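Some notes on the structure that comes next.
Residue numbers (mature numbering (1 follows the signal peptide of the UniProt record, and there is no 0)): -26 to -1, 1 to 515.
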């Protein structure tokens, strides 16, 4: 079968006439798609595979000046106008949803969007505030991250040709923000278009960010090239578009100096800081899944070079992204750091000793709350805050333990351990002050001529001394006598008859006092030379 007319001399004139009158060939001035010829290709077969109805192989022959439509050199490139390609609608896959994300579809009530769903022409996606986001994957593998407080409408998702040329048209507005990664890299012609209220973006790049709000549209190109209206924007540049036009492209701010934590992070909420960057008016910080940097977990804009979020976050590995924001609102290049979060099971809450308390030397009781996920607890007591050589290091299944401790300053801490051995982080190291115990025997008071003498059992610790207070009130707000004794005895001259309160405490060789013993009472009678005194039992706390 012959595909060429017998009257070859008439063909050029006929094709010229068709080209001058046919809207099909007139459309050839639009975007082109480059097709590389493979073995077995003919123009007739390509018409059936790629071209829409009404477009014949003859138009393809004329456009590419093909001599023989049945014999195409393998590797030859055919330029095919995109408008000639057959098209059919396709869908985008929802890869990830975090937070409050809503799907609005014509004829249906708004509902939450779920991972694994597919969205198509006419669908609208609305993300809530506070780190809500979703990730879409298009038919060609490109991914789009819709960030918090955004509204994205899918105007058209089209595949042209048998499986060749994809085209996506999106509408981004209402305070929206999106990040796009195209893969594989986009061909020279645009295949992803994003419309905003003030400018249309035609993608010729592989990665860019776009935001639209009442003040205009901001575009930042990270790789490749994007056309903002008629203005091309290359990698590393950004533009601001308003209703008055597209401003001149400007270099994006460099990435801040961000250093990854050396150890897993063990506390929530997450908090980070970094050195300030000259020229930055604010900062954007984001936390994403480490295995795919389009799954946004946390997002925030911060005035200072520090970020924190009140949101909960599961344990795991994450990617921290930080970038500076210029005075024009353009966001700069990303600084990245991989972080690991290990905050669970949380340590139990200590109950005893209470903060600031001093406990007597000997068997010291420690008590804490019960964690519902803990199979047991690990207790450490040390003399130094680094716990390099713990004096006590034991596993405890109960919620209390005793430790034999001499007077001194210590620190102690706890961690929860799941039944399978998964240990959570250590709790805060708490100070523990152990002091000399109270006298082991009650003091004795004796009446002298003009003085009252007190005596008590000596402390077994070497190098101690004692402090004594006497007052008329039980609270010792205004002591009438105070003293120091190197031995367990002391005397004083009372200011007059009446009821007195007395207490004693032991002071260690290092100068640290123990707790006051229990306040006891004695009475000085009116005719006080002949008074008698009941023994008072003085105990140190």
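Backbone N, C-alpha and C fix where the C-beta goes; we use that ideal spot for every residue, glycine too. This structure is a prediction, so every number in the text was calculated from the model and none was measured.
Sixteen is the threshold: since fewer than 16 other Cβ atoms of the shown chains lie within 10 Å of the Cβ of residue 218, the residue is exposed. Under DSSP, residue 174 takes part in a beta bridge, and its partners are 169.
DSSP, read as helix, strand or coil, puts residue 18 in helix.
Secondary structure note for residue 31: it is in no beta strand (DSSP E), and the uninterrupted alpha helix (DSSP H) holding it is 31 to 38. Using a 10 angstroms sphere on the CB of residue 312, the tally of other CB atoms stays under 16, which defines it as exposed. Rounded to whole angstroms, residue 393 and residue 385 show a C-alpha spacing of 26 angstroms. If you ignore the 5 residues before and after residue 154, its C-beta comes within less than 6 angstroms of the C-beta of 118 and 182, all in its own chain and listed in chain order.
DSSP places residue 443 in the strand class (E or B) of the three-state scheme. DSSP lists 53 as the bridge partner or partners of residue 8. Residue 374 has 341 as its beta-bridge partners, per DSSP. Contact annotation, residue 259 with residue 276: C-beta distance approximately 6 angstroms; criterion of less than 8 angstroms satisfied.
The secondary-structure analysis by DSSP pairs residue 191 across a beta bridge with 186 and 215. For the pair residue 407 and residue 462, the Cα-to-Cα distance works out to about 23 angstroms. Residue range 472 to 481 is occupied by the beta strand (DSSP E) that includes residue 480. Secondary structure at residue 227: coil, using DSSP grouped into helix, strand and coil. Out of 279, 409 and 454, the CA that lies nearest to the CA of residue 482 is found in 409. Per DSSP, reduced to three states, the secondary structure at residue 486 is coil, with no helix or strand assignment. Taking C-beta separations shorter than 7 angstroms and ignoring five residues to either side along the sequence, the partners of residue 171 in its chain run 147 and 186, following chain order.
The beta carbon of residue 263 sits closer than 6 angstroms to the beta carbons of 269 from its chain, once the five residues preceding and following it are set aside; these are given in chain order. Classified as exposed, residue 80 has fewer than 16 neighbouring CB atoms from the shown chains inside 10 Å of its CB.
Pairing residue 339 with residue 353 gives a Cβ-Cβ distance that is not under 8 angstroms. Rounded to whole angstroms, the separation of the alpha carbons of residue 131 and residue 94 is 7 angstroms. Taking residue 26 as the centre and dropping the five residues before and after it, the same chain places the C-beta of 58, 59, 60 and 61 closer than 8 angstroms to its C-beta, in chain order.
Straight-line spacing of the CA atoms in residue 245 and residue 24 works out to 54 angstroms. Less than 8 angstroms separates the beta-carbon of residue 471 from that of residue 499.
The beta-carbon distance between residue 215 and residue 173, rounded to whole angstroms, is 4 angstroms. This is short enough to meet the 8 angstroms contact definition.
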